[in-house]
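Novice: Residue numbers (this note's numbering): 48 to 202.
1. Count the C-beta pairs between the segment 119-127 and the segment 90-102 that are closer than 8 Å, then say yes if the count reaches three, no if not.
2. Decide yes or no for the touch test of the segment 55-74 against the segment 110-118: beta carbon pairs closer than 8 Å, at least 3 of them.
3. Taking the Cβ atom as the reference point for each residue, do residue 85 and residue 63 lie within a distance shorter than 8 Å?
4. Counting only runs of 3+ residues fully inside the segment 76-107, write out the beta strand (DSSP E) ranges in chain order.
5. Where residue 138 and residue 158 are concerned, what is the direct C-alpha to C-alpha distance, given to the nearest angstrom?
6. Helix, strand or coil for residue 72 per DSSP?
7. In its own chain, which residues sit with a C-beta less than 6 Å from the C-beta of residue 51, not counting the 5 before and 5 after it?
8. Going by the DSSP bridge assignment, what does residue 167 pair with across the sheet?
9. According to DSSP, what are the bridge partners of residue 49?
10. Give the straight-line distance between the Cα atoms of residue 83 and residue 185, rounded to the nearest whole angstrom.
11. From what residue to what residue does the alpha helix (DSSP H) around residue 128 run?
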């Protein structure tokens, strides 16, 4: 990881470092007050790049709160989808279909408007649907293999 301040290289470390560590390294070499916003952490390896991205994500919330948000999202989708399926089970007309969708319609319109206005951005949109589906499938398969591998379960 290259540590730069005002565009000048101060250190190159073979690890991911925090902004605080970078600031300490620079403070040891500079007499002036340091403007932390001018510190650049430049990853040199894919491991460092992933570590830097993970640190950035951690700023958006701790692991428990991120997990809680993901859980809330999954629960919301499960309940609203279940309501829709149950309501669609008894539809006979187009109006019945509209009524079936009514419970979540306003929320859906609001969400889509915020996405369109770029107020909300979702990582999967940047990754692309196919990439996300591959990642989900690979992770699910890996977890499944661990959970149901008899060699591991017997230990």
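Note that beta-carbon positions come from the ideal geometry of N, C-alpha and C, so glycine has one too.
Specialist: Once the coordinates are examined:
1. no
2. no
3. Within the chain shown, numbered from 1, the residue matching residue 85 stands at position 38. Within the chain shown, numbered from 1, the residue matching residue 63 stands at position 16. For residue 85 and residue 63, no; Cβs fall outside 8 Å.
4. 86-89
5. Position 91 of the chain shown, counted from the first residue, corresponds to residue 138. Position 111 of the chain shown, counted from the first residue, corresponds to residue 158. Approximately 26 Å, taken between the alpha carbons.
6. Residue numbering aside, residue 72 sits at position 25 when the chain shown is read from its first letter. DSSP places residue 72 in helix when its eight states are reduced to three.
7. Taking the chain shown and counting its residues from 1, one reaches residue 51 at position 4. Hits under 6 Å: 87.
8. In the chain shown, the residue the question calls residue 167 occupies position 120. The partner list for residue 167 (beta bridge, DSSP) is empty, contrary to what the question assumes.
9. Walking along the chain shown from the start, residue 49 turns up at place 2. Looking at the DSSP assignment, residue 49 forms a beta bridge with 59, 89.
10. As a position in the chain shown, residue 83 is number 36, starting the count at 1. As a position in the chain shown, residue 185 is number 138, starting the count at 1. About 39 Å.
11. Position 81 of the chain shown holds residue 128. Residues 110-135.
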